[in-house]
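The structure appears below as structure tokens.
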């Protein structure tokens with residue numbers, strides 16, 4: 139479905155990443171994003187009417203895409219175990235309900251999650267790199283990352299240094315991502331932009347390309363700690379970026395909106411957007427994820443409604 | 249997971265609208281029989297007959313004009329602006345209340361997607377009535393005096409049946425005129441539903457009269473000595489005939505005619521949003537838009553990339569049942585119009601332009617045409633000069649801003665244009681050089697009652713909408 143004028147390898151971009159100046163020239167040379175137009179497009183896609191079989195398909199797909207998340211100072215081993223159990227069997231009354239993609243926890247909880255999940259196939263994601271502010275020295279961030287990977291995380295969610303990005307030190311951000319990816323070893327790297335702090339869609343597009351050039355496996359909107367977190371227009375801009383990046387390099391990068399996605403209705407809007415902006419290839423937990431803590435329960439309630447024709451209630455889905 | 253995300257049908261219910269088997273004319277506040285031969289109006293998506301509609305002959309038109317004159321002399325022109333405003337506000341509110349019904353009926357009779365009827369047409373219709381209701385008691389401040397013209401004969405096209413009705417009726421009534429309106433013969437039903445709304449609003453009888461019929465009915469209306477003003481939206485050809493008919497009379501005329509708008513994309517444009525604007529510019533309402541951006545002028549340096557993006561986007565357009573809420577492109581309004589689109593597209597191919605359309609399954613019944621683009625088009629091609637009035641885009645390229653302006657202006661029309669660039673100074677400079685009534689910057693096909701609309705050259709004269717729209721219905725103003 140992609141129509142690419144010329145497919146280049148990522149190595150063709152190598153000379154771009156030699157200096158701040160060359161990186162800036164490239165990132166600022168990307169086509170701009172018109173704010174009004176991007177928001178209008180996102181709003182239009184949000185009016186798609188997804189019913190019956192399409193809705194059932196979307197709900198199961200969304201469940202399989204959830205990174206079930208708890209990132210609180212008060213997290214305990216018990217809480218993480220409960221969350222991991224739920225990730226494996228989201229609906230205890232229905233064995234056909236698919237598991238979520240991953241659970242996402244702080245590095246010190248990775249071991250607990252790993253132990254509970256065993257070989258269930260549910261991934262363990264961990265926010266490392268001095269999450270959520272990212273305000274620590276690079277060696278600290280790398281140690282944080284290695285720690286999480288050693289404890290069993292197979293996905294690392296890193297935050298970029300927004301201060302460096304906003305002050306135009308693109309090379310520093312680039313090199314940090316490269317270094318963290320190296321520290322990840324075999325684990326997959328998701329790069330969090332905290333789009334609420336980057337503010338403009340132009341910045342979001344530039345950050346997307348910067349992260350993709352640095353080798354990110356996924357690009358992710360938010361930590362969930364800053365408002366606004368994930369929005370449809372921000373995700374639209376990131377989806378356009380991964381689509382264009384594949385056109386240019388042949389490589390696929392995933393997208394993960396996180397924070398503030400609570401309802402099935404919202405999740406379906408995101409899936410419609412993935413479908414119409416990037417196409418089928420991205421409609422897969424390997425290439426699209428939802429970072430969410432409360433979304434799963436609404437998906438489960440809607441799923442039960444579709445299955446039984448009746449609404450249950452919050453007491454019919456598990457708390458964690 | 250390889251299962252594609254196929255959207256299940258999401259049909260809007262037809263049951264919200266009650267279509268009668270036959271409709272009469274609306275004259276003097278009542279539905280009456282017509283003297284002509286009744287004709288059928290069909291659903292262009294299925295070719296199903298929706299209803300039979302009366303044809304107004306000369307005597308019927310005469311009766312309608314007389315009813316309008318009586319209402320003008322005795323009631324409407326004597327009423328204070330404040331009182332008239334009450335009626336217009338009431339109509340606006342009823343339109344909002346019955347919006348779902350209006351949208352479904354518009355979609356059925358016209359073939360346009362319910363999404364557009366629901367989200368664009370009907371809300372804009374209500375907005376027009378609200379807007380001009382606001383002017384009714386403030387005419388003195390508009391600067392055109394406050395003396396109405398009298399009886400207005402209004403003829404509207406089939407592409408936006410309700411919206412064009414609102415553009416015509418709302419300002420006329422706000423200024424104190426009464427009207428005789430003729431909707432297009434293929435899309436008369438929402439105008440007749442509007443007649444019911446006038447009854448529901450207790451509008452004094454004769455203020456709004458609706459005569460249905462085809463060209464002959466329109467001709468009788470234009471030629472009638474009892475009307476003071478002709479307002480027409482439609483083809484340039486018919487507009488010229490109207491101008492000839494009224495020449496030498498003291499009838500005032502506004503004409504809103506065809507277009508062949510240039511949509512200019514510079515190399516620094518926000519590309520993804522430009523693609524959306526191009527799609528909206530030519531595929532909105534199946535391209536049945538007089539201000540459609542039917543000529544895409546792309547800067548040569550980005551032509552290849554932009555076209556790749558545009559084609560990819562076009563493959564996601566959903567063509568089909570207009571009542572499905574997920575349909576992007578509905579049916580062509582009539583067999584006649586479909587034949588014209590086929591004819592001009594064939595000419596485009598014969599002249600050597602590259603034709604492309606995404607793979608798409610068209611329904612077997614009804615009138616359908618896939619979203620289509622022609623590349624390698626030059627100014628000399630007929631498809632670059634003639635209005636196709638369908639989902640067909642001609643793509644041309646340019647190298648410099650001066651060339652873009654030259655090509656954009658090199659057309660007999662001048663209704664609208666679009667400019668796409670991230671550079672504000674370039675947009676302003678280009679917009680100033682374009683000979684078009686509306687120039688959209690980094691957007692396309694945006695309508696608002698506060699904004700005047702109308703053309704240059706063969707796109708007609710006069711303005712509708714905004715404060716300027718009042719001038720067409722007041723004596724103190726030059727039309």
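Protein chains in written order, with our numbering: chain Z, 139 to 458; chain G, 249 to 727. In this text, a Cβ means the ideal position worked out from N, Cα and C, and glycines have one as well. This structure is a prediction, so every number in the text was calculated from the model and none was measured.
- For residue 633 of chain G, the closest Cβ of chain Z is not nearer than 8 Å.
- Sequence-distant partners of residue 470 of chain G (beyond 5 residues in either direction) whose C-beta falls short of 7 Å from its own C-beta, in its chain, are 401, 478, 490, 493, 494.
- According to DSSP, residue 205 of chain Z shares a beta bridge with Z/240, Z/429.
- Residue 287 of chain G is bridged by DSSP to G/301.
- Our two residues, residue 358 of chain G and residue 513 of chain G, have alpha carbons roughly 31 Å apart in a direct line.
- For residue 458 of chain Z, the three-state secondary structure derived from DSSP is coil.
- In the DSSP assignment, residue 689 of chain G falls within the unbroken beta strand (DSSP E) covering 686 to 689.
- Proximity to residue 723 of chain G across G/285, G/349, G/420 peaks at G/420, based on C-alpha coordinates.
- Under DSSP, residue 643 of chain G shares a beta bridge with G/544.
- Where residue 295 of chain Z is concerned, there is no enclosing alpha helix (DSSP H), although the beta strand (DSSP E) around it starts and stops at 293 to 297.
- What residue 172 of chain Z touches in chain G, judged by beta-carbon distance under 7 Å, is 518, 521, 690, going in chain order.
- In the DSSP secondary-structure assignment, residue 279 of chain G is bridged to G/274.
- Assigned with DSSP and collapsed to three states, residue 572 of chain G falls in strand.
- Under a 10 Å Cβ-count criterion, residue 360 of chain Z is classified as buried, with 16 or more other Cβ atoms of the shown protein chains found around its own Cβ.
- Contact of residue 360 of chain G with chain Z is not assigned, every C-beta pair being separated by 8 Å or more.
- G/423 is the residue among G/423, G/591, G/363, G/671 whose C-alpha sits nearest the C-alpha of residue 335 of chain G.
- Fully contained in the stretch 162 to 223 of chain Z are the following beta strand (DSSP E) runs of length 3 or more, in chain order: 204 to 207.
- Scanning the stretch 379 to 430 of chain G from its first residue to its last, the whole beta strand (DSSP E) runs of 3-plus residues come out as 399 to 403, 426 to 430.
- By the beta-carbon neighbour count (other beta carbons within 10 angstroms, threshold 16), residue 263 of chain G is exposed.
- In the DSSP assignment, residue 716 of chain G falls within the unbroken alpha helix (DSSP H) covering 716 to 719.
- Under a 10 Å Cβ-count criterion, residue 441 of chain Z is classified as buried, with 16 or more other Cβ atoms of the shown protein chains found around its own Cβ.
- The shortest C-alpha to C-alpha distance from residue 331 of chain G to any of G/380, G/376, G/657, G/372 is the one to G/380.
- Counting only runs of at least 3 residues, the stretch 488 to 575 of chain G fully encloses the following beta strand (DSSP E) elements, listed from N- to C-terminal order: 500 to 504, 510 to 513, 543 to 547.
- Within the same chain, 262, 264, 286, 289, 290, 291 come within 7 Å of residue 248 of chain Z by CB-CB distance, once the 5 residues on both sides are set aside.
- Here residue 505 of chain G is near residue 703 of chain G, since their CB atoms are less than 8 Å apart.
- Taking 8 Å as the cut-off, the Cβ atoms of residue 403 of chain Z and residue 370 of chain Z do not count as close.
- Under the three-state reduction of DSSP output, residue 403 of chain Z falls in the helix class.
- For a cut-off of 8 Å, the C-beta gap from residue 273 of chain G to residue 459 of chain G is around 5 Å, short enough to register as a contact.
- With contacts defined as CB atoms closer than 8 Å, residue 561 of chain G and residue 527 of chain G qualify as a contacting pair.
- Within the stretch 352 to 381 of chain G, contact with chain Z at the beta-carbon level (separation under 8 Å) is assigned to 363, 367.
- Our two residues, residue 438 of chain Z and residue 456 of chain Z, have alpha carbons roughly 10 Å apart in a direct line.
- Annotation for residue 347 of chain Z: the continuous alpha helix (DSSP H) segment containing it runs 339 to 351.
- Ranking Z/379, Z/209, Z/278, Z/216 by CA distance to the CA of residue 416 of chain Z puts Z/379 first.
- Note on residue 680 of chain G: under 16 other CB atoms within 10 angstroms of its CB, so exposed under the neighbour-count rule.
- Put simply, the CB of residue 258 of chain G is near chain Z, with a gap under 8 Å to one of its CB atoms.
- For residue 385 of chain G against residue 170 of chain Z, the beta-carbon gap comes to about 45 Å, at or over 8 Å, which does not count as contact.
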